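First residue of the sequence shown: 1, per the UniProt record's numbering; consecutive thereafter.
Quick notes on the structure that follows.
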Amino acid sequence: MTATKKVSAKERIIRTAHELFYKDGIRATGVDRIIKEAGVTKVTFYRHFPAKNDLILAFLHYRHDLWITWFATALKEEMAQSGKLYLALPQVLSRWFLSPEFHGCAFINATSEITGVLPQALPVIREHKQDMADTIAQCLPDTPQRIQTAQKCALLVDGAIVQAQREEDREATVALLQACLANFIQ
């Protein structure tokens, strides 16, 4: 018999906010809906998150941890198979783009949704994007151009994410990303 770990109210709130903010948007998701779906009282919610802005920042940190862990692991696995970043990176993104849980990049979405009203989110967003570029850099040869090449790749990834979110043919986006990457990394 295995023991099930009881999830704290704070964790339920963050997980619920993560699901709703990512799927429906930060502005479109009200606190009352999060409270209801997390199964907590208003008192409990506000004890952990005195304002929605506090929850938004917690959501961004939570999302970062989940996504960057997945991304680093998946990229390492693909690099072990193909040995070439221009092949591995599109394959990793294809897994994400083609999953039913794909709703774009939470950090790109947050940039357009909230940074004007919650400037404290911008450092978290920048850190996420830097960590993505650093993860990509780990897959590149140790040359003087390594960081710049990783930043170029990250820029292409961000563009591919937006295009995959906008277009119906996500496989075409992945193929285009691979062609672009092959132009400057081998």
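All C-beta atoms in this analysis are idealised placements derived from N, C-alpha and C, irrespective of residue type, glycine included.
Predicted, not measured: the structure shown is a model, and the values here were computed from it.
Inter-residue distance for A88 and C153 is about 12 Å (C-alpha atoms, whole angstroms). Under the criterion of beta carbons closer than 8 Å, M132 and F71 qualify as touching, at roughly 7 Å. Taken through DSSP and simplified to helix, strand or coil, C105 comes out as coil. For L93, the uninterrupted alpha helix (DSSP H) segment begins and ends at 85 to 97. Excluding residues up to 5 positions away in sequence, F97, R170, T173 lie with their Cβ nearer than 6 Å to the Cβ of A164 in the same chain.
The Cβ-Cβ distance between I34 and A17 falls below 7 Å. Between the C-alpha atoms of P123 and L60 there is a straight-line separation of about 11 Å. For T41, the three-state secondary structure derived from DSSP is coil.
P90 counts as buried, since at least 16 other C-beta atoms from the protein chains shown sit within 10 angstroms of its C-beta. Here DSSP, grouped into helix, strand and coil, assigns K5 to coil. Annotated three-state conformation of A28 is coil, per DSSP. Contact between A137 and A121 is ruled out by a C-beta separation of about 24 Å, above the 8 Å threshold. Boundaries of the alpha helix (DSSP H) harbouring V157: 146 to 166, taken from the DSSP string. Around the beta carbon of R63, 16 or more other beta carbons sit within 10 angstroms, so the residue counts as buried.
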